[in-house]
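Q: For what it's worth, the numbering used here labels the leading residue of the sequence shown as 628, then goes sequentially.
All C-beta atoms in this analysis are idealised placements derived from N, C-alpha and C, irrespective of residue type, glycine included.
Here it is, the structure, as structure tokens.
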Amino acid sequence: MERADRTRAREPDGGVEEADRVAPPGEQDDDRPALRQKPGRADPLEHRLRCLGHRPSLRREAPYPRGPMMSPTRIVHPTAVLAPRALLPGDPGRALLLAQYLMADPKMFNHNRGLWGYTGRAADGEPLTIMSHGLGGPSAVAVLDELADLGLRTAVRIGTCSALEHGPAPGDLLAVTHAIPRDGTSAALGAHAPLEPDAVILAALREEADAAGIVLSSDLFHAPEEPHPDIDGAVAVDLSTAAVFAAAQQRSVRIGCVLLVRERGRDGSDALDAPAVEAGGERLGNAGFAALLAAGV
Numbered sequence: 628m629e630r631a632d633r634t635r636a637r638e639p640d641g642g643v644e645e646a647d648r649v650a651p652p653g654e655q656d657d658d659r660p661a662l663r664q665k666p667g668r669a670d671p672l673e674h675r676l677r678c679l680g681h682r683p684s685l686r687r688e689a690p691y692p693r694g695p696m697m698s699p700t701r702i703v704h705p706t707a708v709l710a711p712r713a714l715l716p717g718d719p720g721r722a723l724l725l726a727q728y729l730m731a732d733p734k735m736f737n738h739n740r741g742l743w744g745y746t747g748r749a750a751d752g753e754p755l756t757i758m759s760h761g762l763g764g765p766s767a768v769a770v771l772d773e774l775a776d777l778g779l780r781t782a783v784r785i786g787t788c789s790a791l792e793h794g795p796a797p798g799d800l801l802a803v804t805h806a807i808p809r810d811g812t813s814a815a816l817g818a819h820a821p822l823e824p825d826a827v828i829l830a831a832l833r834e835e836a837d838a839a840g841i842v843l844s845s846d847l848f849h850a851p852e853e854p855h856p857d858i859d860g861a862v863a864v865d866l867s868t869a870a871v872f873a874a875a876q877q878r879s880v881r882i883g884c885v886l887l888v889r890e891r892g893r894d895g896s897d898a899l900d901a902p903a904v905e906a907g908g909e910r911l912g913n914a915g916f917a918a919l920l921a922a923g924v
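This is the structure in structure tokens:
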């Protein structure tokens with residue numbers, strides 16, 4: 628037979644509520660009774676937590692301002708405001724390194740799909756975004772396209788390349804004068820002729836880099852047949868620059884590129900070690916930021 632007694636529970640607003648406590652059949656008098664929820668009342672557990680001072684957390688709105696002209700994005704999920712200017716490394720680790728190196732109080736801008744991005748205050752006091760675009764043309768174009776949707780206007784790709792035999796030495800910075808599209812993403816975008824960067828950005832990168840020249844963008848760093856050094860005049864191979872240039876031109880984003888030569892030749896024997904790559908990453912950041920300043924952004 629059920630046993631019921633009356634208890635009094637204090638409401639969060641200081642009022643008092645009566646609640647029926649009902650013991651299950653066969654329960655002894657010293658057993659703790661179970662709380663029976665009255666129709667239309669809050670959940671008993673939620674009510675108890677409220678009595679203890681707990682308040683359910685409110686769902687926070689995304690900090691990135693959304694407006695009627697802003698397109699939804701699939702890959703970039705902003706958690707901070709995007710600056711109109713950006714540095715675009717491929718490596719998320721380099722994005723983190725440069726955010727700490729070039730920014731005051733950097734905030735995470737994106738971490739979706741492991742593509743780390745940060746926005747902070749640069750040395751000139753203006754906001755700067757550093758956003759990794761991943762490996763290869765498809766990822767790079769997807770990121771740049773969505774950043775353009777979110778308001779990006781000027782960017783410098785800062786990545787690495789593999790120099791051909793006659794190209795610059797490992798550790799050198801290469802300002803890209805043209806990008807030859809030999810990758811599938813560039814072809815899908817309709818790019819077949821060499822692509823040029825923004826002239827002002829290129830001029831500034833020439834001042835910061837050790838060399839300037841043409842990069843051939845391929846889907847593989849080491850294709851089965853490496854292009855002959857004299858064909859198209861390329862001095863280095865990378866995976867993304869042509870596709871980034873093609874996408875930027877279609878989206879009216881001012882673009883440039885400076886690359887760290889990570890290795891030279893097919894066998895990889897003449898290559899930088901990890902500390903040299905990290906030091907080169909800082910040089911890339913300095914060169915890219917100087918070019919953004921020269922571009923007036």
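What's the gap between the Cα of Ser844 and the Cα of Val708?
A: Those two C-alpha atoms are separated by around 31 Å.
Q: Gly720 and Leu742 look like a contact to me (Cβ under 8 Å); what is the Cβ gap, rounded to whole Å?
A: At roughly 12 Å, the Cβ-Cβ gap does not stay under 8 Å, so Gly720 and Leu742 are not in contact.
Q: On a CA-only basis, which of Val703, Ala769 and Met758 is nearest Arg878? Give me that one, please.
A: Of the listed residues, the one whose Cα sits closest to Arg878 is Ala769.
Q: Anyone know if the C-beta pair for Gly907 and Leu887 falls short of 8 Å?
A: Yes. Within cutoff.
Q: Under a three-way DSSP split, which group does Thr613 fall into?
A: Only positions 628 to 924 of the chain appear in this structure, which leaves residue 613 out of reach.
Q: Using 8 Å as the threshold, is the C-beta distance between Ala713 and Leu729 below it?
A: No, these two residues do not count as a Cβ contact at 8 Å.
Q: Pull up the distance between the alpha-carbon of Leu920 and that of Ser789, whole angstroms please.
A: Rounded to whole angstroms, Leu920 to Ser789 spans 28 Å at the Cα level.
Q: Quick check on this structure: which residue in Thr706, Ala710, Phe848 and Pro765 has the alpha carbon closest to the alpha carbon of Gly752?
A: Nearest C-alpha to Gly752: Ala710.
Q: To the nearest angstrom, how far is the alpha carbon of Gly892 from that of Gln727?
A: Distance between the alpha carbons of Gly892 and Gln727: 33 Å.
Q: Alpha carbons only, please: which of Gly764, Met735 and His793 is nearest the one belonging to Leu755?
A: Here the closest residue by C-alpha is Met735.
Q: Excluding the 5 residues flanking Pro690 on each side, which residues of the same chain have their C-beta closer than 7 Å to its C-beta?
A: At Pro690 the pLDDT is 45, less than 50, meaning the model places this residue with poor confidence; the figure from the coordinates comes in the next sentence. Thr706 and Ala707.
Q: How about Asp859 and Gly811: are their beta carbons less than 8 Å apart?
A: Contact flag unset, no.
Q: Would you call Pro902 buried or exposed, if buried means 16 or more other Cβ atoms sit within 10 Å of its Cβ?
A: Under this definition Pro902 is an exposed residue.
Q: Which runs of the alpha helix (DSSP H) spanning at least 4 residues fall entirely within the stretch 772 to 846, listed in chain order?
A: Counting whole runs of 4 or more residues, the stretch 772 to 846 contains the alpha helix (DSSP H) stretches 811 to 815 and 826 to 835.
Q: Taking the alpha helix (DSSP H) that Asn913 belongs to, which residues open and close that run?
A: From DSSP, the alpha helix (DSSP H) with Asn913 extends over Ala901 to Ala921.
Q: Using the three-state DSSP reduction, which class does Ala874 fall into: helix, strand or coil?
A: In the structure shown, Ala874 sits in a helix (DSSP, three-state: H, G or I).
Q: Among Ala922, Val924, Glu890 and Asp897, which one has its Cα closest to the Cα of Gly786?
A: Of the candidates Ala922, Val924, Glu890 and Asp897, the one whose C-alpha sits nearest the C-alpha of Gly786 is Glu890.
Q: Can you confirm whether the stretch 789 to 801 touches the stretch 825 to 840 when touching is taken to mean that 3 or more C-beta pairs between the two stretches lie within less than 8 Å?
A: Output reads yes: the stretch 789 to 801 touches the stretch 825 to 840.
Q: What did DSSP end up calling Val924 once you bin it into helix, strand or coil?
A: Coil at Val924, not helix or strand.
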